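Here the protein sequences come in this chain order: C and D.
Going by the working numbering, the first sequence opens with residue 2, and the numbers climb by one from there.
Going by the working numbering, the second sequence opens with residue 23, and the numbers climb by one from there.
We put the CB at the ideal spot given by N, CA and C, even for glycine.
Small disclaimer: the values here were computed from a predicted structure and weren't measured.
Please read the structure below before turning to the comments.
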Amino acid sequence: MKELTISLSPHVHSGRTLDRCMWNVVIALIPTFAVAVWTFGAPALWVVLTSVAACLATEYAIERWLFHRPCTLTNGSALITGLLLGFNLPSILPLWMVIIGGVVAVGIGKMSFGGLGQNIWNPALVGRVFLLLSFPAAMTTWPAVQSGMDAATGATVQADASTGATLLAQLNAGHDSMDGAHLMDMLVGHMNGSLGEVGSIAILLGLVYLLCTRTITWHIPVSVLASAAFFSWAFGGNPLLDLLAGGLLLGAVFMATDYVTSPMTHAGQILFGICIGAITMVIRRFGSYPEGVSFAILLMNSFVPLINRYMHPHVLGERRKKK
Amino acid sequence: MKTFRRGGVHPDPSKITADVPIAPLAASAKVELPLSQCIGAPSVPVVKPGDAVVAGQMVAKAGGFVGAPVHSPVSGTVKKIEKTRSPQGLWQETVIIEADPESVNPQPLAGRADELKPEDLKLEPSEIVKRISEAGIVGLGGATFPTHVKLSIPDGKKAEMIIINGAECEPYLTCDDRLMRTCAAQIISGTKLLMRAVGVDRAIVGIEENKPEAIEAMRFAATVSPGIEVVELKKRYPQGGEKQLIEALTGREVPMGGLPVDVGCVVDNVATAYAVFDAVCRRRPLTQRVVTVTGPSLTNPGNFLVPFGTPISRLIEAAGGLPDDTGKVIAGGPMMGRAVSNLDAPTTKGLGGILVLPESMSRRPAVQPCIRCAKCVEACPMGLEPYLLASLSRLGRYEDAARRTIMGCIECGCCSYSCPSGRPILDFIKLGKLNLRKKK
Chain C
2 MKELTISLSP
12 HVHSGRTLDR
22 CMWNVVIALI
32 PTFAVAVWTF
42 GAPALWVVLT
52 SVAACLATEY
62 AIERWLFHRP
72 CTLTNGSALI
82 TGLLLGFNLP
92 SILPLWMVII
102 GGVVAVGIGK
112 MSFGGLGQNI
122 WNPALVGRVF
132 LLLSFPAAMT
142 TWPAVQSGMD
152 AATGATVQAD
162 ASTGATLLAQ
172 LNAGHDSMDG
182 AHLMDMLVGH
192 MNGSLGEVGS
202 IAILLGLVYL
212 LCTRTITWHI
222 PVSVLASAAF
232 FSWAFGGNPL
242 LDLLAGGLLL
252 GAVFMATDYV
262 TSPMTHAGQI
272 LFGICIGAIT
282 MVIRRFGSYP
292 EGVSFAILLM
302 NSFVPLINRY
312 MHPHVLGERR
322 KKK
Chain D
23 MKTFRRGGVH
33 PDPSKITADV
43 PIAPLAASAK
53 VELPLSQCIG
63 APSVPVVKPG
73 DAVVAGQMVA
83 KAGGFVGAPV
93 HSPVSGTVKK
103 IEKTRSPQGL
113 WQETVIIEAD
123 PESVNPQPLA
133 GRADELKPED
143 LKLEPSEIVK
153 RISEAGIVGL
163 GGATFPTHVK
173 LSIPDGKKAE
183 MIIINGAECE
193 PYLTCDDRLM
203 RTCAAQIISG
213 TKLLMRAVGV
223 DRAIVGIEEN
233 KPEAIEAMRF
243 AATVSPGIEV
253 VELKKRYPQG
263 GEKQLIEALT
273 GREVPMGGLP
283 VDVGCVVDNV
293 ATAYAVFDAV
303 CRRRPLTQRV
313 VTVTGPSLTN
323 PGNFLVPFGT
333 PISRLIEAAG
343 GLPDDTGKVI
353 AGGPMMGRAV
363 SNLDAPTTKG
373 LGGILVLPES
383 MSRRPAVQPC
393 IRCAKCVEAC
403 PMGLEPYLLA
413 SLSRLGRYED
423 AARRTIMGCI
433 ECGCCSYSCP
443 SGRPILDFIK
453 LGKLNLRKKK
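Structure follows, in structure tokens:
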């Protein structure tokens, strides 16, 4: 007789695999990548490619020669780390620093914990913060980007390698004004900053894609942004400016939502998001760094096990039992 | 549209047999009647080898209050009482009857002439419960809990309504759908008898939206019945889970570890309601049921009215035979059904479907590390944390799992279904529950 397969139920699967989830994130990152290259030109391309290559190579080397495990590069997770790390760097960062960032991100941020699913902190942010603390000057030097008015009239936008302060740095220094042209620049990506921070509309496009494909839920991005807007207002800032400037959007959409390092319940995710928003605004307003999203996310990553321990979903029928 | 509040998944309904009318299928010459056909005590044989039996005769009595008798669907001679293999290959005590060739056909389903007679509704509630108990009726949705036990409301509890489960949320299965389309009037009559049996004047029939014909038929049958409401439910698995159905229809939450009657509900499947009608009005014991035989590669999938004790292989033959690409045969639906290893095993009261899956759909996805995406937590209709329960169970920390309500798991399979890493979440949860039950 024919051999029949025996297994426990369920006998069907949604077909939504780990690889699919990861590649959805990669697709969602494409618009941001495009805006980065459009804004900063070829250097941006080189930074991102170098970062991706460093991350993939590190993962491959460690799995092959240290862990002796089958290669898992195709699941896209190292690729995402590479892309996100690249997006968190200035376009004129020396490429050898980018390589160091990639090695640290995957090697220490992820593989030292045992690989995919085991890490406590977002690997890309581990890489970025490592670079920020090691090379503070290089990490806060951005190319000056011409005003969006030039782009509107059809002039090519050229990123030259002179130093320019980001909007956030200006804000921190006390310039608290914003006009319509500025806002437009921020939406389409004509401002200073790290590669992936500049194109707000592109990031929001990615968010819409992630939500539509149900790769992530709204809880983390919405709570991060709402909380940041609230605390910006509470500290006397301009909420809209705070949302659009710097890495807040990128962090809220792509970094805080990292499966591995975010809480397991919706309530936990909202608490996680609110705290990230609050810490970000505290660092921006009262800290010495102009930018606080990376630190806020890493800090809250550390609290995820605690959140998971104490925040559980409501079990059907449990409330009545307590009565 | 009504639905339950948390969790749930949307598997492809694949109701390929929804438009195939119920066809009678004769039993084979050898009828095997296992003695454990319900949750509860196994039945005790009241016949011995060599005895002649007639169709409808009791061959085994209930093994206790929580138990049900077993009746022979055919006339013939008792050959043996011995252990045979269940569909899963486990040994089970079985009465084997050699059937007279002229008695192997199933009894026809109730037609228009078989209506509820006014005097039936004047029966004492205790008489209705007695007839149900004597007919060997158990929950035909698959749980096989003896129906008369559900109808015996414990002291201090009060039933407020009967809930009839016509959700049929399992993909592929269409036996309840077809029965509702064919015998709506009898199901409504059975519902009225159930209402009288527990002394309530209200009943709700819940049917998923993807069965519009069944909803229409049931609504039509219920038009002249005040107190019976037919409610359309959202298509979402596990809409037909007892606790989810109660929540969807009434908004009430069955307490953890409690019974539906704790929130005033008694839940019965549509097939059970039909069996109640048959038992009370036509004095017919439960000896047959509608079974969906389906699968993507079957040439003639359909819904068959088949006497208990018929081999599963005979049902598959009726559906066109086992396809060459068969990889797995499942007793029940794809979400909660059990894989079959013994195709010669007989059909029983709890078997509502045979699903034949091709080789390409028989393998699980490769297991990858948990990426803590929380999809299992989102999908769990009970509000549990499957990833945590599975890990605790894998580590042997069953008591810790019990503190996180592992016993509240209804084994619907939404967690494993939605896990991107293809992890065997439900397998480990089942293991944990098994070990906890053993310890007690």
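C-beta atoms of residue i and residue j nearer than 8 Å
i        : j        : result
C/ALA125 : C/ALA106 : yes
D/GLY359 : D/LEU377 : yes
D/GLU275 : D/ARG224 : no
D/THR39  : D/THR314 : yes
D/LYS179 : D/ASP284 : yes
D/HIS93  : D/PRO307 : yes
C/PRO264 : C/ASN309 : yes
C/GLY252 : C/THR33  : no
D/ALA340 : D/ARG311 : no
D/GLY164 : D/GLY374 : yes
C/MET312 : C/ALA257 : no
C/VAL130 : C/LEU299 : yes
D/GLY98  : D/SER65  : no
D/SER319 : C/LEU5   : no
D/ASN291 : D/ASP422 : no
Spatial distance of residue i from residue j (CA atoms)
i        : j        : result
D/LYS24  : D/GLU230 : 9 Å
D/SER438 : C/THR73  : 22 Å
C/VAL26  : D/PRO345 : 40 Å
D/LEU327 : D/PRO46  : 5 Å
C/TYR210 : D/THR369 : 48 Å
C/LYS323 : D/LEU458 : For C/LYS323, the pLDDT reaches just 43, beneath the cut-off of 50, and the residue's location in the model is therefore unreliable, although a value from the coordinates is still provided. Straight-line Cα distance between these residues: approximately 23 Å.
D/GLU104 : D/ALA270 : 45 Å
D/LEU456 : C/GLU292 : 52 Å
C/VAL48  : D/ALA189 : 56 Å
C/SER195 : C/SER295 : 12 Å
D/VAL160 : D/ILE61  : 9 Å
D/LYS338 : D/PRO329 : In the sequence on display, residue 338 of chain D carries Ile and not Lys. Whole-angstrom Cα-Cα distance: 15 Å.
D/LEU143 : D/ILE250 : 15 Å
D/MET80  : D/VAL117 : 11 Å
Per-residue burial, residue i [other beta carbons within 10 Å of its own, 16 or more giving buried]
i        : result
C/TRP143 : buried
C/PRO44  : buried
C/TRP122 : buried
C/ALA152 : Because C/ALA152 sits at a pLDDT of 39, beneath the cut-off of 50, its placement in the model cannot be relied upon, and the following sentence gives the value as read from the coordinates. That one is buried.
C/TYR260 : buried
C/ASN76  : buried
D/ASN322 : exposed
D/TYR420 : buried
C/HIS14  : buried
D/GLY279 : exposed
D/VAL76  : exposed
D/SER382 : exposed
Terminal residues of the alpha helix (DSSP H) in which residue i lies
i        : result
C/THR82  : 78 to 88
D/VAL399 : 397 to 401
C/CYS56  : 43 to 62
C/ILE101 : 96 to 104
D/GLN266 : 264 to 272
D/MET217 : 206 to 220
Same chain, Cβ closer than 7 Å to residue i, five either side skipped, listed in chain order
i        : result
C/ALA297 : ILE277, ILE280, THR281 and ILE284
D/ALA295 : ILE186, ILE209, GLY212, THR213 and LEU216
C/VAL36  : GLY190, VAL199, GLY200 and ALA203
C/LEU57  : LEU74, ALA79, LEU80 and GLY83
C/HIS12  : none
Residues near residue i in its chain [Cβ-Cβ closer than 6 Å; skip 5 each side]
i        : result
C/GLY118 : VAL261
D/VAL126 : ALA48, ALA49 and VAL96
C/SER233 : PRO240, ASP243 and MET282
D/ALA157 : ALA301, PRO307 and LEU308
D/GLN390 : SER443
Proximity test, residue i beta-carbon vs the ligand FAD heavy atom, cut-off 7 Å
i        : result
C/GLU319 : The model on display carries no ligand, and the ligand FAD is accordingly not part of it.
Limits of the unbroken beta strand (DSSP E) element including residue i
i        : result
D/GLU230 : 225 to 230
D/CYS188 : According to the sequence provided, residue 188 of chain D is Gly. The question's Cys does not apply to it. Looking at the DSSP string, the run of the beta strand (DSSP E) that includes D/GLY188 is 183 to 188.
D/THR39  : Here D/THR39 belongs to no beta strand (DSSP E), and DSSP marks it neither H nor E.
D/GLY349 : 348 to 353
Own chain, CB closer than 8 Å to residue i, minus 5 neighbours either side, in chain order
i        : result
C/GLY102 : SER52, ALA55, LEU86, LEU90, GLY128, ARG129, PHE131 and LEU132
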